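In this text, residue positions in the sequence shown follow our numbering: the first is 1, and each later residue adds one.
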Amino acid sequence: GKVVIATDADVDGFHIRTLMLTFFFRYMRPLIEAGYVYIAQPPLFKVQKGSTVRYAYNDEEMAQLSKEMPGARVNRYKGLGEMNPDQLEETTMNPETRSMLQVTLEDAVAADQWFTTLMGDNVEPRRDFIVENCFDANIDV
């Protein structure tokens, strides 16, 4: 009864998620309208101190957990394929412990607009976006 989009929790995964949402919006909209499309929310970090394990879904949560658990070891996941099967089960697959977002039509419309702006044939909107947001870039070198 669900179509679950499960992508990595990084920028590349967000890009793939946008492509998938655009596909569903353009070609399978009734699935979205009926409430069948969901987005899995895998963690980006594992924070562990002793036997205590917590998961963080973004940099801010990781920073907060690091403050709450001084001396904890932080592991950044590069993707779903890097997790052990039990970690993937606990964080992303198990209905009792996972976190998922139900996709609304508004989510799909926004994804379609982003895809059209950033990947479409019209150069002007893409250039405008780059010029307006170039100083906000977070470059990981």
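Heads up, the beta-carbon is just placed ideally off N, CA and C, and yes, glycines get one too. All values reported here derive from a predicted model rather than from experimental measurement.
Task: Option in R29, M20, E68, P30 with minimal Cα separation from I39 - done: Minimum Cα distance to I39 is reached at M20.
Open item on the list: Out of D107, K78, G1, which one is the CA nearest neighbour of Y36?
Closed with: Each of D107, K78, G1 was checked against the Cα of Y36, and the nearest Cα belongs to G1.
- [ ] Report the three-state DSSP secondary structure of V109 (helix, strand or coil).
- [x] Helix, per DSSP.
- [ ] Assign A56 to buried or exposed, taking buried as 16 or more other Cβ atoms, counted over all protein chains shown, within 10 Å of its Cβ.
- [x] By the 10 Å Cβ count, A56 comes out buried.
- [ ] Would you give the residue range spanned by the beta strand (DSSP E) that R54 belongs to?
- [x] According to the DSSP assignment, R54 belongs to the beta strand (DSSP E) that extends over 52-56.
- [ ] Decide if F25 is buried, meaning its Cβ has at least 16 other Cβ atoms within 10 Å, or exposed.
- [x] With 16 or more other Cβ atoms inside 10 Å of its own Cβ, F25 counts as buried.
Task: chain C within 8 Å of I32, Cβ atoms only - done: No chain C appears in the structure shown, which is made up of a single protein chain.
TODO: Assuming T104 contacts A6 (C-beta within less than 8 Å), just tell me the rounded distance between them.
DONE: The beta carbons of T104 and A6 sit about 18 Å from each other, so the pair does not count as a contact at 8 Å.
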